[in-house]
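Worksheet for the structure shown next.
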Amino acid sequence: MALTPSNMIPLGTVAPAFSLLDTVTGNTVSLNELKGEQATVIMFICNHCPYVIHVNSELVKLGNDYAAKGVKFIAISSNDVVSHPEDSPEKMKQVAAKENYAFPYLYDETQSVAKAYDAACTPDIYIFNKELKLAYRGQLDDSRPSNKIALTGKDVRAALDCLIEGKQVSPLQRPNIGCNIKWRV
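Quick note on our numbering: the sequence shown kicks off at 261 and runs consecutively.
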């Protein structure tokens, strides 16, 4: 595991389109089918990363808390499953069931979606407004597996609340930090 910060791509970037396998349903779904009315949260996660394992409960809570507010959450795993078989689609489906994911868990086999989003780490979180323009990218909150700060999702919640209320999201955003995406070699 290489500790890696998220890339802070420019705010206003339009979400790259994709169609990926939803490991839970077995269907191929697109961003256009999944996007939210108020906001769309795209999270690059995986099964084995201790940073993702640490935040899983808060990701589920956020998905549940904001579902009725027009916000859709989408999780994507882009890790190379040859080097990391614990991130295979079959195991993704198992993790989604175990964690009670309230959102689709998509498999980016070619890693092209992670590259299009300039994703670097897990978790890597992007929030797009109703026009699918980037309004937030960065950390969930200040909690890390080793710092004993409680999970709150405060940074993501603040950004989502602004979008729902039609307010400007603060441009002062902190990168997330986590395991690097496991790229094919």
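Even for Gly, the Cβ is constructed at its ideal location relative to N, Cα and C.
Does the beta-carbon of K423 have 16 or more other beta-carbons within 10 angstroms, so that it is buried, or is it exposed?
Reading the sequence shown from its first residue, position 163 is the one you call residue 423. The sequence given here has Leu at residue 423, not Lys. Classification of L423: buried, given that the 10 Å Cβ count is 16 or more.
Burial state of S338 (16 or more Cβ within 10 Å):
Here residue 338 refers to the residue found at position 78 when the sequence shown is read from its first residue. By the 10 Å Cβ count, S338 comes out buried.
Using the C-alpha atoms, what's the distance from Y377 back to S343?
One-based indexing of the sequence shown puts residue 343 at position 83. One-based indexing of the sequence shown puts residue 377 at position 117. About 22 angstroms.
Per DSSP, P265 forms a beta bridge with which residues?
By 1-based counting over the sequence shown, the position of residue 265 is 5. DSSP, once it has assigned bridges, lists I437 as partnering P265.
Of all the options A275, P276, L271, T283, which has the alpha carbon lying nearest to the alpha carbon of E369?
Position 109 of the sequence shown, counted from the first residue, corresponds to residue 369. Here the closest residue by C-alpha is T283.
F278 versus T288 - alpha carbon distance:
The residue given as residue 278 occupies position 18 in the sequence shown. The residue given as residue 288 occupies position 28 in the sequence shown. Using only the alpha carbons, I get a separation of about 10 angstroms.
The stretch 388-395 in contact with the stretch 306-315 per 3-pair CB rule at 8 angstroms:
Cβ pair count under 8 angstroms is below three, so no.
Across which residues does DSSP place T300 in a beta bridge pair?
On the sequence shown, position 40 is the one that residue 300 refers to. When DSSP reads this structure, T300 sits in a beta bridge with K332, F388.
Identify the continuous alpha helix (DSSP H) that holds G323 and give its terminal residues.
Counted from its first residue, the sequence shown places residue 323 at position 63. Segment 310-326, the alpha helix (DSSP H) holding G323.
Considering only C-alpha positions, which residue in the set I409, K442, I385, C439 is nearest to Q433?
To locate residue 433, count along the sequence shown from 1; it is residue 173. Closest option to Q433, Cα to Cα, is I385.
Here's the rule: buried if 16 or more other CB atoms are within 10 angstroms of the residue's CB, otherwise exposed. What is D402?
Working through the sequence shown from its first residue, we reach residue 402 at position 142. Label assigned to D402: exposed.
Helix, strand or coil for S337? Go by DSSP, reduced to three states.
For the purposes of this step, residue 337 is taken as the residue at position 77 of the sequence shown. In this structure, S337 counts as strand in the three-state DSSP scheme.
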